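Numbering (our numbering), first residue to last: 2 to 369.
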């Protein structure tokens with residue numbers, strides 16, 4: 002059946018008694034299913050034929066699945082449908098219950114999906130069990146975010162940080178990810194920085210982790226020297242922070258008359274960028290654009306990007322950019338505050354800049 006958002010959803014019906022079954026209009030059900038399939042095929046023709054077709058799976062949170070859909074789009078995939086599990090009880094074998102697993106199987110078949118993405122983090126065993134049951138590649142939200150970072154990383158430091166986070170995620174899940182990572186073609190969830198195939202051998206991963214951490218220590222020393230130079234210059238330092246795609250890079254472009262890459266997409270900016278800005282009173286300030294935050298930001302990613310995120314700790318002022326047009330802006334603000342606390346920057350001086358306030362008339366009038 003097709004829901005109000007034009008998403009095809011599988012519905013497992015029955016078991017029915019004979020009397021109940023006789024009252025079911027099978028012809029109407031078939032017509033509805035055929036109409037839904039027609040809509041989905043039409044939508045499928047409107048996207049890149051090489052794009053992976055994914056079914057999204059979440060637990061009771063439709064808004065979280067909307068964001069997961071945006072992440073999938075950013076990674077270059079196409080959303081074929083979604084399944085929502087009711088209740089917070091998680092199955093150790095498949096994460097979702099067996100009834101939902103049947104529903105997921107039907108939906109994947111109906112939509113010709115070749116990928117399933119869970120909004121929650123899965124264990125290696127759960128990934129293996131799901132792939133064996135569905136016959137499809139299965140990844141979770143963390144893998145999807147890491148894949149986007151792998152595609153977006155441009156600087157040497159960024160690529161090292163992403164690879165470190167990916168390998169730390171893979172290491173405890175090798176029992177479930179080995180088959181997935183060895184597939185020809187790879188695709189979303191299996192790409193390393195620069196489209197490099199990720200390693201799946203435990204010993205080689207350990208060796209590579211040691212090499213990456215050593216290289217990043219050298220990069221951190223260089224970054225620390227640069228930072229000390231800025232501090233010794235007694236120039237006031239400002240850091241732009243906020244949820245991903247809130248408009249931080251756009252704000253910096255306007256303040257500094259710069260040409261930093263800024264697009265309406267998640268994680269358009271990974272590497273921090275600093276620009277000098279002359280204020281009207283003649284004083285000079287340094288403004289740094291940082292990587293955006295997101296809910297359920299993988300801990301390994303925060304750890305890997307710690308040297309980059311340390312820019313927040315040394316700033317004299319934080320400017321928190323909020324997308325005022327996003328109905329989830331309050332939740333996004335809580336995520337930003339939580340990440341700042343995790344970084345040890347919860348008590349930093351901060352001002353809030355509401356972006357796209359013209360698209361949310363009246364909502365901020367009293368406060369701002």
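Glycine included, C-beta positions come from ideal geometry on N, C-alpha and C.
In this text, all values refer to a predicted model and were calculated from it rather than measured experimentally.
Tell me the DSSP bridge mates of residue 80? 55
With a 10 Å radius around its C-beta and 16 neighbouring C-beta atoms as the bar for buried, classify residue 266 as buried or exposed. exposed
Leaving out five residues before and five after residue 185 in sequence, what residues of the same chain have Cβ atoms less than 8 Å from its Cβ? Only weak support is given to the placement of residue 185: the predicted model assigns it a pLDDT of 46, under 50, and the question is left unresolved by the model.
So residue 106 and residue 135 are supposed to be a Cβ contact under 8 Å. How far apart are they, rounded? 6 Å
Rounded to the nearest angstrom, how far is the Cβ of residue 162 from that of residue 217, given a contact under 8 Å? 7 Å
Three-state class that DSSP yields for residue 359 in the structure shown: helix
Over what stretch of residues does the alpha helix (DSSP H) that includes residue 172 continue unbroken? Element bounds for residue 172: n/a, residue is neither H nor E.
With a Cβ-Cβ cutoff of 8 Å, do residue 334 and residue 312 count as a contact? no
Three-state secondary structure assigned by DSSP to residue 291: coil
How about residue 232 and residue 315: do their beta carbons lie closer than 8 Å? yes
Can you tell me whether residue 268 is helix, strand or coil according to DSSP? coil
Could you pull out every unbroken beta strand (DSSP E) segment of at least 3 residues lying fully inside the stretch 307-353, listed in chain order? 318-324
Can you name, in chain order, every residue of its own chain whose Cβ lies under 6 Å from the Cβ of residue 295, other than the five neighbours on each side? 245
Residues that residue 75 bridges to, as DSSP identifies them: Per DSSP, none; premise fails for residue 75.
For the 8 Å Cβ check, are there 3 or more pairs between the stretch 136-153 and the stretch 110-126? yes
Smallest Cα separation from residue 280: which of 258, 88, 57 and 230? 258
Closest to residue 320 by C-alpha separation, out of 341, 164 and 300, would be which residue? 341
Rounded to whole angstroms, what's the CA-CA distance from residue 260 to residue 254? Just pull it up for me. 6 Å
Please report the residue range of the beta strand (DSSP E) in which residue 275 lies. 274-279
Between the alpha carbons of residue 274 and residue 204, how many angstroms are there, rounded? 36 Å
Taking residue 141 as part of the beta strand (DSSP E), name the residues at either end of that continuous run. 138-141
Runs of beta strand (DSSP E) wholly within the stretch 218-246 (minimum 3 residues, chain order): 237-243
Identify whether residue 95 lies in helix, strand or coil by the three-state DSSP scheme. coil
By the DSSP assignment, the beta strand (DSSP E) with residue 118 in it spans what residues? 116-119
What is the rounded straight-line gap between the Cα of residue 299 and the Cα of residue 155? 20 Å
Using CA coordinates, which residue listed in 348, 349 and 302 is at the minimum distance from residue 148? 302
Element boundaries [alpha helix (DSSP H), containing residue 132]: 125-135
Cβ shell of residue 352 (< 8 Å), same chain only, five flanking positions each side left out: 318, 319, 320 and 321
Look up residue 155 in the DSSP assignment and say whether it is helix, strand or coil. coil
Can you give me the Cβ contacts of residue 329 inside the same chain, cut-off strictly under 7 Å, excluding the 5 residues immediately before and after it? 64
Return the CA-CA distance between residue 102 and residue 192, expressed in angstroms with no decimal places. 27 Å
Below 6 Å CB to CB, which residues in the same chain sit around residue 349 once its five sequence neighbours on both sides are set aside? 319
Which partner residues of residue 285 appear in the DSSP bridge assignment? 279
Within its chain, find whatever has a CB closer than 7 Å to the CB of residue 72; leave out the 5 residues flanking it on each side and keep chain order. 145, 146, 149 and 267
Do residue 357 and residue 326 have their C-beta atoms within less than 8 Å of each other? yes
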